[in-house]
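These protein sequence lines map, in sequence, to chains A and B. Reading the first sequence from the start, the letters are residues 1 to 566 in my numbering. Reading the second sequence from the start, the letters are residues 1 to 282 in my numbering. The C-beta atom is built at its ideal place from N, Cα and C for all residues, glycine as well. Working notes for the structure below.
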Amino acid sequence: MATIFEQIQEMGIKQTVITKLDETVERLTVGMNINDIRSALRGDEPRRPNPRLRPHADSFWFHIRPSFYHTEVTHIYPTFRLGWLSTFMFVWETITGIILMVFYTPSPLVAYSNMWNILGNVPLGQLMRNMHRLGAEVMVLVVALHMLRTYITGSYKKPRQFTWATGVILLLFTALLSFSGYLLPWDQLSYWALTVFLSGAEAAPTPPGIDPDVFNGNVLLIAQGGPALGAGGLLRWYLLHVLLLPLLTGIFFFVHYYKVVLYGISLPPGREEIGEDTAKRVPRNERTYFTPDIATNELMWSALTTLFLVAGSLWLWDAPLETHADPVVTPLHVVAPWYLSWSQGWLKLADKTLVIGFIPLLLVAFIVMPYFEVSKSRRYADRRIALTVASLFFTFMLVSNWMGSPEFRVNSSPDREVSIELLPEEGTSAMLGVPYELMPEGTYLPAQPIDGNPHLTYALEEFQAAMYRHSCTLTGNTTWNECSYDESTPIETRKYSNHFSDDVMPDPTAKLIVEEVQPGLKKLTLQYKAFSPANPEEFLIDAEWVKYRHEDSNYETECRFANKSC
Amino acid sequence: MQVKIVIGTVAFMLTMMILGFAVLREPARLAQYTVAAKGRSIEAGAHIFENNCATCHGIDGDAKECYNSAGEQVGCQGLPLNDYDMLCGDPTYRMDTLNWAGTKEDFVKTTIAAGRFGTVMPVWSEEFGGPMRPDQIQNVADFVLNWESEELCANEPVRYSWPEAVADYLASDDGAAGDAANGAELYVTYGCSGCHGDTAVEGSNAVGPWLGDIANVGATRVDGLDAAGYVYHSILDPNAFISPDCPTGPCATPSAMPATFAARIGSNPTDMADLLAFLLGN
Numbered sequence: 001m002a003t004i005f006e007q008i009q010e011m012g013i014k015q016t017v018i019t020k021l022d023e024t025v026e027r028l029t030v031g032m033n034i035n036d037i038r039s040a041l042r043g044d045e046p047r048r049p050n051p052r053l054r055p056h057a058d059s060f061w062f063h064i065r066p067s068f069y070h071t072e073v074t075h076i077y078p079t080f081r082l083g084w085l086s087t088f089m090f091v092w093e094t095i096t097g098i099i100l101m102v103f104y105t106p107s108p109l110v111a112y113s114n115m116w117n118i119l120g121n122v123p124l125g126q127l128m129r130n131m132h133r134l135g136a137e138v139m140v141l142v143v144a145l146h147m148l149r150t151y152i153t154g155s156y157k158k159p160r161q162f163t164w165a166t167g168v169i170l171l172l173f174t175a176l177l178s179f180s181g182y183l184l185p186w187d188q189l190s191y192w193a194l195t196v197f198l199s200g201a202e203a204a205p206t207p208p209g210i211d212p213d214v215f216n217g218n219v220l221l222i223a224q225g226g227p228a229l230g231a232g233g234l235l236r237w238y239l240l241h242v243l244l245l246p247l248l249t250g251i252f253f254f255v256h257y258y259k260v261v262l263y264g265i266s267l268p269p270g271r272e273e274i275g276e277d278t279a280k281r282v283p284r285n286e287r288t289y290f291t292p293d294i295a296t297n298e299l300m301w302s303a304l305t306t307l308f309l310v311a312g313s314l315w316l317w318d319a320p321l322e323t324h325a326d327p328v329v330t331p332l333h334v335v336a337p338w339y340l341s342w343s344q345g346w347l348k349l350a351d352k353t354l355v356i357g358f359i360p361l362l363l364v365a366f367i368v369m370p371y372f373e374v375s376k377s378r379r380y381a382d383r384r385i386a387l388t389v390a391s392l393f394f395t396f397m398l399v400s401n402w403m404g405s406p407e408f409r410v411n412s413s414p415d416r417e418v419s420i421e422l423l424p425e426e427g428t429s430a431m432l433g434v435p436y437e438l439m440p441e442g443t444y445l446p447a448q449p450i451d452g453n454p455h456l457t458y459a460l461e462e463f464q465a466a467m468y469r470h471s472c473t474l475t476g477n478t479t480w481n482e483c484s485y486d487e488s489t490p491i492e493t494r495k496y497s498n499h500f501s502d503d504v505m506p507d508p509t510a511k512l513i514v515e516e517v518q519p520g521l522k523k524l525t526l527q528y529k530a531f532s533p534a535n536p537e538e539f540l541i542d543a544e545w546v547k548y549r550h551e552d553s554n555y556e557t558e559c560r561f562a563n564k565s566c
Numbered sequence: 001m002q003v004k005i006v007i008g009t010v011a012f013m014l015t016m017m018i019l020g021f022a023v024l025r026e027p028a029r030l031a032q033y034t035v036a037a038k039g040r041s042i043e044a045g046a047h048i049f050e051n052n053c054a055t056c057h058g059i060d061g062d063a064k065e066c067y068n069s070a071g072e073q074v075g076c077q078g079l080p081l082n083d084y085d086m087l088c089g090d091p092t093y094r095m096d097t098l099n100w101a102g103t104k105e106d107f108v109k110t111t112i113a114a115g116r117f118g119t120v121m122p123v124w125s126e127e128f129g130g131p132m133r134p135d136q137i138q139n140v141a142d143f144v145l146n147w148e149s150e151e152l153c154a155n156e157p158v159r160y161s162w163p164e165a166v167a168d169y170l171a172s173d174d175g176a177a178g179d180a181a182n183g184a185e186l187y188v189t190y191g192c193s194g195c196h197g198d199t200a201v202e203g204s205n206a207v208g209p210w211l212g213d214i215a216n217v218g219a220t221r222v223d224g225l226d227a228a229g230y231v232y233h234s235i236l237d238p239n240a241f242i243s244p245d246c247p248t249g250p251c252a253t254p255s256a257m258p259a260t261f262a263a264r265i266g267s268n269p270t271d272m273a274d275l276l277a278f279l280l281g282n
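Set out below in structure tokens:
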């Protein structure tokens with residue numbers, strides 16, 4: 001071997017540099033030099049022996065990827081890229097999560113102010129948090145769709161039963177990962193979502209012969225790290241979120257993916273004989289090689305997904321941040337994250353203990369399903385029962401989600417409902433979103449038009465609409481809709497109902513009072529008065545609702561997003 | 001495949017452009033969220049104040065319900081917070097009279113958190129056995145400090161102005177009748193004895209000079225000033241003269257004595273006459 005100086009003497013500096021560079025590239029790619037890479041990118045045929053196959057044998061990063069796929073599975077159908085996308089989201093969450101970890105301390109004393117620090121003091125901190133949160137929700141969706149697709153194409157059948165089983169566990173871990181991250185901002189949203197979730201542990205069915213109070217009480221104690229959710233609980237859920245669950249997910253991911261490579265991706269059901277599995281017997285002319293086709297494809301999808309997530313996090317959606325967690329103030333309506341909404345729906349259908357016991361049973365049923373559903377054919381026409389069951393279950397889940405949605409919540413008193421719509425404890429609204437300077441001091445009535453102030457006019461129209469939904473009239477006042485009531489009920493307990501609610505304010509008056517109480521701080525008061533129809537002297541409702549509004553609090557910015565009506 | 005490379009490259013470039021845009025608008029956005037955090041804190045503080053503090057300090061923080069028009073306390077015991085002495089200047093008058101050396105915000109936070117000894121102001125922080133979390137203490141402090149405005153701070157209230165010469169003071173109504181017995185008590189309650197020691201025991205002084213013989217020594221210190229003048233000016237401005245008689249030799253410059261006595265004694269100006277009577281009578 002000539003020394004570098006001898007090479008320079010022999011070939012000149014330029015040629016030596018090129019040769020060395022070529023050698024370096026070949027070592028890094030474990031077998032492909034610059035010319036090989038260029039020819040792969042041009043789409044040329046590889047030279048013999050094929051240097052594009054060597055990395056799959058010799059390199060660490062490529063050795064778990066197959067060197068070629070059946071061309072049939074490289075199209076959008078049948079995989080829809082959902083498995084790959086799940087993996088991408090896991091990597092995405094890991095990277096954004098590690099960056100967020102730098103700015104986070106799992107302690108109730110500082111966790112919440114860490115959030116505002118990330119929003120107001122860390123460059124691109126809000127973007128990072130939005131991307132992590134958006135990624136988490138996309139990941140849950142993608143993993144669930146991946147499972148649905150696997151079921152529909154019958155890909156869980158022999159020999160892929162175990163792959164399916166690990167996949168179900170990965171779905172569970174994905175949901176748990178997403179949910180365990182929910183607590184970390186330590187705001188009202190996270191605190192009460194987790195408190196409600198954990199209250200499930202109290203109601204869980206116990207093994208026979210064990211005192212439920214002792215058993216469930218201890219489960220709860222372990223899960224919340226003390227008699228109530230506090231510093232201990234936050235640390236536990238943080239460690240679950242950043243350590244245990246990612247580790248378990250990683251392990252199960254590699255088992256899952258190993259099985260995918262081992263058995264190959266199943267072909268579209270119509271492509272092979274019934275009962276056969278030809279995914280690993282790929283004729284030479286049906287091969288699509290990893291380098292360059294699959295690699296290019298995956299890079300393109302990585303770029304597109306990144307584009308979607310970055311743009312979405314910047315313009316379409318902001319991760320919510322409510323007020324500081326407060327164990328003594330329960331928000332009026334506690335809502336589960338959308339991907340657990342079905343469980344809230346189920347709680348309206350059946351007893352809590354039954355529901356809590358049913359969920360693990362359902363998971364076990366999913367895991368063992370391929371070992372019992374052993375019909376050979378994967379073709380759609382032969383699987384009418386399986387696909388019917390699937391669509392029924394899917395419909396049931398959709399309905400459950402809908403039933404768990406705020407549409408079906410239990411209403412509070414009508415004046416409180418109106419107040420929450422207009423001046424919510426958390427987040428923004430039509431009234432809070434009115435720019436500070438366009439909310440002059442004064443007293444305003446619902447639907448009162450304010451000249452030259454479309455924001456306040458709109459807010460007062462919303463006031464009218466909210467009052468309309470929660471009130472009715474007995475005296476022919478045409479502003480409110482007419483009440484109906486059941487003649488047979490005694491007048492003291494009679495409820496006056498309208499089309500929307502059966503607990504309403506009859507003939508109410510309502511107003512909004514705006515006062516400036518400090519420089520840059522206004523007090524917004526909603527006042528309601530409704531007299532009893534039985535006794536016009538007696539107040540049925542005489543209530544007030546107060547919300548303060550600081551000129552810098554930024555509710556206008558929150559209003560940017562489509563889901564806020566302001 | 002070429003199409004995919006193009007799509008991927010374009011998507012990547014778009015992502016980079018979007019990130020570039022995000023970076024450019026970032027300083028403005030950060031500033032917006034920094035003030036928003038403060039704004040939300042003030043809002044939360046307003047709710048807490050209304051429910052917990054307004055009973056004593058008044059909903060507007062002026063404790064109007066507690067005092068009559070002559071400024072005498074009639075009801076509740078809260079001090080006015082929406083007030084010049086509490087909020088204006090740094091340090092504020094209130095911080096000065098209480099010898100507070102830290103920041104204004106820390107003063108308010110500490111007062112809320114730990115309460116004030118000898119008054120009905122209770123302990124609020126759960127750290128010291130009260131009901132409130134640290135973030136709530138911060139919220140209330142932010143709310144209270146938000147009363148500070150140019151309007152509030154435009155006019156400093158009239159305070160007691162000490163006459164230039166001690167003779168003028170002693171000739172005034174406040175200085176005419178010195179009560180040495182009361183002066184002896186004030187010598188302890190103002191904290192003088194902590195540094196200057198017991199006037200009856202020579203050598204009992206820990207930091208400052210012993211004052212048992214100040215009636216004689218004081219007259220010799222400064223040309224043209226008698227003992228009363230020397231003590232009078234030393235209390236009002238500790239750095240006016242530096243005594244050579246501290247326990248460890250000449251006293252340090254600047255003086256270790258707090259500069260707040262002019263303000264503190266100013267709220268009860270006759271105390272000065274009592275102190276002078278006590279010190280010079282010895």
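Exercise for review: Measuring alpha carbon to alpha carbon, tell me which of A:531, A:425, A:180 and A:266 ends up nearest residue 236 of chain A.
Suggested key: A:180
Practice item. Starting from the N-terminal side, write out each stretch of the beta strand (DSSP E) that is 3 residues or longer and does not extend beyond the segment 396–461 of chain A. Key: 442–444
Exercise for review: Identify, in the order they occur along the chain, each residue of the same chain with its Cβ nearer than 7 Å to the Cβ of residue 95 of chain A, setting aside the five sequence neighbours on each side.
Suggested key: none
Exercise for review: Keeping to the same chain, check which residues put their C-beta closer than 6 Å to that of residue 151 of chain A; ignore five residues upstream and five downstream.
Suggested key: 390
**Study point:** Span of the beta strand (DSSP E), counted from its first residue to its last, around residue 284 of chain B
**Key:** Coverage of chain B is limited to positions 1 through 282, which leaves residue 284 of chain B absent and any answer about it impossible.
Check your understanding: Quick one: is residue 251 of chain A buried, meaning 16 or more other Cβ sit within 10 Å of its Cβ, or exposed?
Key -> exposed
Point to revise | Extent of the continuous alpha helix (DSSP H) to which residue 196 of chain B belongs | key: 192–196
Review point. How long is the line joining the alpha carbons of residue 65 of chain B and residue 87 of chain B, rounded to whole angstroms?
Key: 20 Å
Check your understanding: Between which two residues does the beta strand (DSSP E) containing residue 26 of chain B stretch?
Key -> Careful: residue 26 of chain B lies outside any beta strand (DSSP E), inside the alpha helix (DSSP H) at 2–48.
Point to revise | Closest Cα partner of residue 94 of chain B within the set B:158, B:28, B:160 and B:260 | key: B:260
**Study point:** Straight-line Cα distance separating residue 427 of chain A from residue 323 of chain A
**Key:** 9 Å
Review point. Beta carbon of residue 358 of chain A: closer than 7 Å to some heavy atom of the ligand COA?
Key: Here there are no bound small molecules, and the ligand COA is not part of this structure.
Check your understanding: Does the distance from the CB of residue 41 of chain B to the CB of residue 138 of chain B come in under 8 Å?
Key -> yes
Practice item. Measuring only between beta-carbons, confirm whether residue 105 of chain B sits less than 8 Å from chain A. Key: no
Practice item. Would you decide whether residue 371 of chain A is buried or exposed? Buried here means 16 or more other CB atoms lie within 10 Å of its CB. Key: exposed
Practice item. Compare the C-beta of residue 134 of chain B with all C-beta atoms of chain A and state if any pair is closer than 8 Å. Key: yes
Exercise for review: Report the residue from B:97, B:206, B:142 and B:109 whose alpha carbon sits nearest the alpha carbon of residue 159 of chain B.
Suggested key: B:97
Review point. Applying the criterion that 16 or more other CB atoms from any shown protein chain within 10 Å of the CB defines a buried residue, is residue 393 of chain A buried or exposed?
Key: exposed
Exercise for review: Would you tell me roughly how many angstroms separate the C-alpha atoms of residue 527 of chain A and residue 412 of chain A, rounded to the nearest one?
Suggested key: 17 Å
Exercise for review: Find the residues of chain B that neighbour residue 291 of chain A, judging by a C-beta separation of less than 7 Å, and give them in chain order.
Suggested key: None at all; the shortest Cβ gap to chain B is about 11 Å.
Check your understanding: With 16 other CB atoms within 10 Å as the buried threshold, where does residue 563 of chain A fall?
Key -> Per-residue confidence for residue 563 of chain A stands at a pLDDT of 47, beneath the threshold of 50, marking its modelled position as unreliable; the derived number appears in the next sentence. It counts as exposed.
Check your understanding: Is the Cβ-Cβ distance between residue 113 of chain A and residue 231 of chain A less than 8 Å?
Key -> no
Review point. Of the residues that make up the segment 139–165 of chain B, which ones have a beta carbon closer than 7 Å to any beta carbon in chain A?
Key: 146, 147 and 149
Point to revise | Which listed residue (A:109, A:516, A:414 and A:91) has its alpha carbon closest to that of residue 132 of chain B | key: A:109
Check your understanding: Does DSSP put residue 497 of chain A in a helix, a strand or coil?
Key -> strand
Practice item. Flag residue 334 of chain A as yes if its beta-carbon sits less than 8 Å from any beta-carbon of chain B, otherwise no. Key: no
Review point. Hey, how far is the Cα of residue 575 of chain A from the Cα of residue 3 of chain B?
Key: Shown here, chain A extends from 1 to 566; a query on residue 575 of chain A therefore has no answer.
Review point. Out of A:441, A:75, A:117 and A:321, which has the shortest C-alpha to C-alpha gap to residue 286 of chain A?
Key: A:75
Practice item. Return no unless some Cβ of chain A is closer than 8 Å to the Cβ of residue 7 of chain B. Key: yes
Check your understanding: Got a sec, what are the start and stop residues for the beta strand (DSSP E) residue 241 of chain B sits in?
Key -> Segment: none, residue 241 of chain B is in no beta strand (DSSP E) and carries neither H nor E.
Review point. Would you say the segment 1–20 of chain B touches the segment 35–55 of chain B, given that touching needs at least three Cβ pairs under 8 Å?
Key: no
Check your understanding: Going straight from the alpha carbon of residue 138 of chain A to that of residue 144 of chain B, what length do you get?
Key -> 43 Å
Point to revise | Segments of 4+ residues assigned as alpha helix (DSSP H) that fall wholly inside the segment 80–135 of chain B | key: 84–87, 93–97 and 104–114
Exercise for review: Throw me the rounded Cβ distance for the residue 206 of chain B and residue 195 of chain B pair, which I believe falls under 8 Å.
Suggested key: 6 Å
Review point. Mind checking residue 13 of chain A: buried by the 16 CB within 10 Å criterion, or exposed?
Key: exposed
Point to revise | Rounded straight-line distance, which links the Cα of residue 221 of chain A to that of residue 64 of chain A | key: 42 Å
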